[in-house]
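S.K.:
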Amino acid sequence: MRTETPPLIRLEDYRPSAFLIDRVDLDIRLDPHATRITADLALRPNPDGDPAAPLHLDGDDLILVAIDLDGAALPAEDFAAGPGGLTLHRPPRRPFTLRLVTQVDPTANTKLMGLYRTDGVYCTQCEADGFRRITYFLDRPDVMAVYTTRIEARRDEAPVLLGNGNPVESGPVGTDRHYAVWHDPHPKPAYLFAVVGGRLGKVETSFRTMEGRDVTCAVYVEPGKEDRAGYALDAVVRSMEWDERAFGRPYDLDVFNVVAVAAFNMGAMENKGLNIFNDKYVLAAPETATDADYAAIEAIIAHEYFHNWSGNRVTCRDWFQLCLKEGLTVFRDQEFSSDMRSRPVHRIGEVRSLRARQFPEDAGPLKHPVRPTAYAEINNFYTATVYDKGAEIVRMLKTLIGAEAFRAGMDRYFAENDGRAATVEDFLAAFAAVTGRDLSAFARWYERPGTPRLTAEGRYDPAARRYTLKLAQTLPVEGPPLVIPVALGLVGAGGPLTGVTCPALDGGVFVLDRPGAELVFEGVAEEPVPSLLRDFSAPVRLDLALSDDHRLRLLARDSDPFNRWQAAQDVALSLILAFDPVRADAFAQALGTFLDGEALADPAFAALVLALPTEGEAADALARDVDPDAIHAARRSLRARLGRVLRARLEGIDAALAPATEGAYSPDAASAGRRSLRNAALDLIAAGDPEAGAALATRRLSCATNMTDRLAALATLAQIPGEAREEALAAFGERFAAEPLVLDKWFAIQATIPEPETLDRIERLTRHPAFSMTNPNRVRALVASFAMANPTQFARADGAGFALVGRFVRALDPANPQVAARLLTAFGSWRRYEKTRRAAASEMLNGIKGVPGLSRDVADILGRTLQ
Ligand code: PHE
Ligand code: ZN
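Per full-length UniProt numbering, residue 1 is the first one in the sequence shown, and the count goes up by one each step.
Structure, rendered in structure tokens:
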């Protein structure tokens with residue numbers, strides 16, 4: 001038996017549900033192996049649905065214990081039930097109630113979808129289609145109901161019982177059991193349902209909304225870890241304030257709960273009033289969490305909270321509209337983080353991650369439109385394209401229509417769609433209405449896969465003091481042009497040129513909505529350097545031939561911080577792809593001047609300028625016949641050279657920042673920026689002089705007072721083979737033996753060592769007592785880090801790296817298909833390797849293809865990857 005390609009669900013086949021469910025009353029008796037769920041569903045025929053259709057309820061891995069219709073047992077010939085669904089052949093054509101009793105085994109639930117247990121805590125995950133693993137249901141987001149949930153459990157096993165909405169009542173049941181009732185007045189789709197039961201500690205605070213509602217906000221964590229939940233709680237309050245200020249969106253319940261659990265397939269989940277989080281994105285203390293962890297916690301807390309409006313109050317009609325909530329909510333959390341931190345620094349981070357994850361996805365076999373038109377397994381569409389390119393589309397819309405119209409459009413979108421399951425068309429309609437614009441050409445961004453290319457060519461006529469800039473767009477798939485907002489300006493030897501006119505520009509933005517255009521600038525007194533795509537105004541690849549001198553002028557003089565950073569990246573990338581010692585030294589000199597002038601004024605920005613493009617970016621730029629060893633060697637020699645030329649300055653930075661970074665820890669962006677620059681300096685010193693670097697890193701490790709500095713020093717040391725490294729790794733492992741989230745960092749650092757022995761190291765680490773195949777964080781730390789962030793060893797020419805990841809995919813698939821499928825996406829760029837590696841990857845992938853009984857998740861990724 002061979003796994004066939006799974007069937008596709010298509011957007012064009014969308015039909016309204018034949019029935020609706022208005023109310024859901026649940027009674028859940030938690031039990032480790034036999035949890036009973038009694039669901040009373042108030043159903044009625046959908047006036048917009050097929051009046052003759054049978055009633056088919058979704059189910060997955062369910063045992064049906066009993067079924068009643070309007071209080072009477074249903075005759076066996078009237079229905080058919082199995083683990084995968086329940087059909088009523090002759091459903092009433094009037095409102096009626098169904099009572100369903102189902103039974104599930106939360107302890108045996110290794111997929112972490114539906115109701116499961118993690119470290120003894122009961123929790124649920126229902127997006128996208130997990131509610132059908134709790135009871136039979138119309139498990140689709142356009143069926144929205146008001147839920148009341150009664151939860152009952154043994155008091156010793158689950159003293160805390162949480163549900164969606166507001167708490168209604170609670171009390172004892174007999175001597176050793178208790179119950180709690182929760183009511184959520186806001187109609188919601190089943191994917192937002194959640195319950196939690198367990199022994200949990202909490203921290204809480206209160207918040208008064210702009211409407212005067214007093215909200216109790218709480219973060220629940222493993223007992224004893226309450227002191228690590230404070231930052232997340234603070235981020236909740238800041239998110240609530242911000243959404244009122246920035247979007248006029250108040251919170252709408254009396255309680256807002258966040259629960260951290262150890263085993264979770266994704267980052268976090270926006271269940272109504274009861275967000276459930278991977279504990280990695282809640283727990284933080286200076287000794288265990290890095291600055292990057294703090295920033296991620298802040299961003300993800302905000303993201304899930306913002307879903308309360310963009311996702312929950314206004315939800316999606318179907319899963320093809322996933323970007324409607326995800327792209328928009330990523331945009332919102334990015335804006336929040338930009339307001340909390342340095343906006344340009346945050347923008348650079350967003351673009352780096354877009355280029356690292358979304359660009360390769362959009363260039364390979366897993367590419368898809370931001371709004372896909374067909375899927376076999378929706379869980380495989382929680383992608384960088386839907387999330388991050390989806391956010392870029394919202395950002396472009398704001399650039400095109402301006403901040404004020406954008407806010408008006410958002411207000412209108414929320415007002416018109418509140419309580420509804422909406423589409424991308426509904427979203428765009430709100431902005432079309434407030435601006436009077438036709439957005440149908442802009443809407444193509446949702447439909448066209450692939451990254452567009454923007455080519456630019458300038459010509460200067462000194463006699464006429466005129467500069468002409470030709471812009472053209474090329475799309476990876478043929479079709480009508482996209483609407484590309486190009487923010488731009490001209491930079492002279494002394495900085496941005498003034499007194500220049502160009503009627504085609506509006507507020508510094510040119511909208512390229514044709515295949516090509518020519519812009520004419522008058523009054524240009526000297527030969528300018530064009531600064532294009534400022535602030536990365538569109539998710540495109542830019543082709544613009546500039547000399548190093550001109551690029552370095554942008555680094556020194558442009559007013560746009562993003563393009564200053566970009567200019568240094570461009571020079572570095574071209575040096576990685578084709579090394580030239582003379583150009584490298586000129587680049588080092590320019591970096592030196594930059595550091596002298598402003599490193600200490602904006603350390604976070606300076607650290608980003610020093611961070612060269614990754615090996616992945618270089619591979620992405622090459623696009624074919626990629627040899628990761630060659631890229632690695634080239635990048636390494638460039639870094640070595642920069643480290644040597646800049647040595648004195650880097651040491652100066654190190655010394656200058658020592659007092660500020662060695663004091664008491666604070667996770668704020670300015671402090672984090674100083675640490676990041678000091679650690680970037682350390683890493684570059686080590687690149688130029690490994691011996692000195694190892695000594696410096698070892699010293700830094702011994703006096704580090706926080707995880708950011710400790711981990712940075714360890715990461716630097718991990719790149720330098722020798723005793724010092726092995727000793728440091730061993731000491732770190734022992735010191736944090738009881739801290740799984742810290743050991744994840746330790747696993748990841750070792751998995752990304754670019755040396756052939758890393759494979760043995762990984763095998764060894766899989767036998768470490770803290771490693772576990774059933775906790776997705778452990779698997780991601782050890783295996784996904786290797787697959788996604790160790791290009792030379794993952795793509796070894798002998799195929800051993802591919803084989804290792806392939807073994808993990810196979811081993812994981814039966815237990816947790818979602819995580820297995822996600823791991824398999826590491827092969828998304830396999831056709832871009834040179835032929836030896838390509839052959840090895842192909843062999844491995846085809847080997848998996850022959851495995852009987854693959855999950856739909858893995859079969860889908862595999863089928864598309866090999867296509
Ligand atoms: N909807 C979650 C988010 O905020 C992601 C998620 C999807 C979590 C599916 C679990 C399962 O982006
Ligand atoms: Zn989301």
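Here a beta-carbon is modelled for each residue, glycine too, at the ideal position from N, C-alpha and C.
Where do the N-terminal and C-terminal ends of the alpha helix (DSSP H) with Pro650 fall, by residue?
M.R.: As written in the sequence, residue 650 is Leu, which differs from the Pro given in the question. Here the alpha helix (DSSP H) through Leu650 covers 647-662.
S.K.: May I ask you to report which of helix, strand or coil DSSP gives Trp182?
M.R.: strand
S.K.: Out of Asp668, Thr593, Pro462, state which residue places its alpha-carbon closest to the alpha-carbon of Gly523.
M.R.: Pro462
S.K.: For Asn265, verify whether its CB is less than 8 Å away from any heavy atom of the ligand FAD.
M.R.: Only the ligand PHE and the ligand ZN can be found as ligands here, which leaves the ligand FAD out of the picture.
S.K.: Note the first and the last residue of the continuous beta strand (DSSP E) segment covering His56.
M.R.: 55-58
S.K.: Which whole-angstrom value describes the C-beta separation of Leu555 and Ala618, a residue pair presumed to lie in contact below a C-beta threshold of 8 Å?
M.R.: With a Cβ gap of about 19 Å, Leu555 and Ala618 do not count as contacting.
S.K.: State the beta-bridge partners of Lys202 as determined by DSSP.
M.R.: Tyr220
S.K.: Once you ignore the five residues that flank Leu812 on each side, which residues in its own chain have a CB closer than 8 Å to its CB?
M.R.: Met773, Val779, Val819, Ala820, Leu823
S.K.: Between the Cα of Ala797 and those of Glu834, Asp580, Arg155, Phe137, spot the shortest distance and give me the residue it belongs to.
M.R.: Closest in alpha carbon position to Ala797, among Glu834, Asp580, Arg155, Phe137, is Glu834.
S.K.: Taking the Cβ atom as the reference point for each residue, do Leu552 and Ala567 lie within a distance shorter than 9 Å?
M.R.: yes
S.K.: Under 9 Å between the Cβ atoms of residue 870 and Ala694?
M.R.: For the chain, the structure presents residues 1 to 867; residue 870 sits outside this window and is missing.
S.K.: For Ile276, tell me which candidate among Thr290, His303, Glu287 has the shortest Cα-Cα distance.
M.R.: His303
S.K.: May I ask you to check if the CB of Asn775 is nearer than 8 Å to at least one heavy atom of the ligand PHE?
M.R.: no
S.K.: Shorter than 8 Å, the distance from the beta carbon of Glu298 to the closest heavy atom of the ligand ZN, or not?
M.R.: no
S.K.: Going by C-alpha to C-alpha distance, which of Asp549, Asp543, Val511 sits closest to Pro528?
M.R.: Asp549
S.K.: Tell me which residue opens and which closes the alpha helix (DSSP H) that Leu577 is part of.
M.R.: 561-577
S.K.: With 16 as the cutoff for other CB atoms within 10 Å, does Val477 come out buried or exposed?
M.R.: exposed
S.K.: CA-CA distance, Ala39 and Met707?
M.R.: Rounded to the nearest whole angstrom, the C-alpha separation of Ala39 and Met707 is 47 Å.
S.K.: Quick one: what's Gln125 bridged to in DSSP?
M.R.: Gly114
S.K.: Given a cut-off of 9 Å, decide if Ala724 and Leu682 are closer than it, judged by their beta-carbon atoms.
M.R.: no
S.K.: Does DSSP put Thr468 in a helix, in a strand, or in coil?
M.R.: strand
S.K.: Keeping to the same chain, check which residues put their C-beta closer than 6 Å to that of Ala180; ignore five residues upstream and five downstream.
M.R.: Ile151, Leu161, Ser170
S.K.: For the stretch 755-817, list the alpha helix (DSSP H) runs that are entirely contained and at least 4 residues long, ordered along the chain.
M.R.: DSSP runs (the alpha helix (DSSP H)) wholly in the stretch 755-817: 758-765, 776-779, 785-789, 791-794, 800-812.
S.K.: Do you know how far the Cα of Tyr665 is from the Cα of Pro603?
M.R.: 17 Å
S.K.: Quick check: what's the CA-CA separation for Val520 versus Leu591?
M.R.: 33 Å
S.K.: What do you reckon, is the C-beta of Ala268 under 8 Å from a heavy atom of the ligand PHE?
M.R.: yes
S.K.: Beta carbon of Gly311: closer than 8 Å to some heavy atom of the ligand PHE?
M.R.: yes
S.K.: I'd like to know whether the C-beta atoms of Phe384 and Arg357 end up nearer to each other than 9 Å.
M.R.: It should be pointed out that residue 384 corresponds to Ala in this sequence rather than to Phe. Yes.
S.K.: Please classify Cys703 as buried or exposed, where buried requires at least 16 neighbouring CB atoms within 10 angstroms.
M.R.: So Cys703 ends up on the exposed side.
S.K.: Short of 7 Å in beta carbon distance, which residues of its chain neighbour Asp61, apart from the five on each side in sequence? Order them along the chain.
M.R.: Pro83, Arg133
S.K.: For a cutoff of 9 Å on Cβ pairs, would you count Ala648 as touching chain B?
M.R.: Included in the structure is just one protein chain, with no chain B present.
S.K.: Which whole runs of the alpha helix (DSSP H) in the stretch 355-400 are 4 residues long or more, in chain order?
M.R.: 359-363
S.K.: Could you give the first and the last residue of the continuous beta strand (DSSP E) run that contains Asn166?
M.R.: 166-173
S.K.: Return the first residue and the last residue of the beta strand (DSSP E) that Asn257 is part of.
M.R.: Residues 255-261.
S.K.: Can you tell me the Cα-Cα spacing of Leu646 and Ala588, whole angstroms?
M.R.: 7 Å
S.K.: Report yes if the C-beta distance between Lys202 and Tyr231 is below 9 Å; otherwise report no.
M.R.: No, they are not a contact pair.
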